[in-house]
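S.K.: Quick one: this structure, given as structure tokens, is what I'll be asking you about.
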Amino acid sequence: KPLEEIKAWDIQQWITERRKLGRAPATIEYCVNRLRAALNRAVEWEFIDSHNLSSVKLIKQDNTRIRYLSKEEEKRLLDTLE
Numbered sequence: 014k015p016l017e018e019i020k021a022w023d024i025q026q027w028i029t030e031r032r033k034l035g036r037a038p039a040t041i042e043y044c045v046n047r048l049r050a051a052l053n054r055a056v057e058w059e060f061i062d063s064h065n066l067s068s069v070k071l072i073k074q075d076n077t078r079i080r081y082l083s084k085e086e087e088k089r090l091l092d093t094l095e
């Protein structure tokens, strides 16, 4: 599609398709952010007047990582607690 024809609906549909294919939310978000950056640059360089990707809803991500103590850290913790 030409740049000026890309709408938020198109991107939302693309996101839905990628989710059905099992793509990771972080991968989808990365791609959408790259497209947003390209469209921002197109606006800056006056190839297009504007874009409305700000209305695109991205998938909420839980990037929480569980970190376990090493044996050394566990020992130091227990020594400190005594």
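Each step along the sequence shown adds one to the number in the working numbering, with nothing skipped, and position 15 is 28. No residue lacks a Cβ here, since even glycine has one placed at the ideal position from N, Cα and C.
Would you tell me roughly how many angstroms separate the C-alpha atoms of residue 56 and residue 50, rounded to the nearest one?
M.R.: Within the sequence shown, the letter at position 43 stands for residue 56. Within the sequence shown, the letter at position 37 stands for residue 50. Approximately 10 Å, taken between the alpha carbons.
S.K.: Measure from the alpha carbon of residue 22 to the alpha carbon of each residue in 92, 67, 83 and 34, then state which is nearest.
M.R.: For this step, residue 22 is matched to residue 9 along the sequence shown. Closest by alpha carbon: 67.
S.K.: Should the region 21 to 38 be regarded as contacting the region 78 to 88, the criterion being three or more beta carbon pairs within less than 8 Å?
M.R.: Too few Cβ pairs lie closer than 8 Å, so no.
S.K.: Rounding to the nearest angstrom, what Cα-Cα distance links residue 83 and residue 90 in this structure?
M.R.: On the sequence shown, position 70 is the one that residue 83 refers to. On the sequence shown, position 77 is the one that residue 90 refers to. Each residue's Cα considered, the two are about 10 Å apart.
S.K.: Pull up the CB-CB distance for residue 41 and residue 72, whole angstroms please, since I reckon it's below 8 Å.
M.R.: Translated into the one-based positions of the sequence shown, residue 41 becomes position 28. Translated into the one-based positions of the sequence shown, residue 72 becomes position 59. The pair is a contact, with the Cβ atoms about 6 Å apart (cut-off 8 Å).
S.K.: What runs of the beta strand (DSSP E), each 3 residues or longer, lie entirely inside the region 35 to 77?
M.R.: Correct list: empty.
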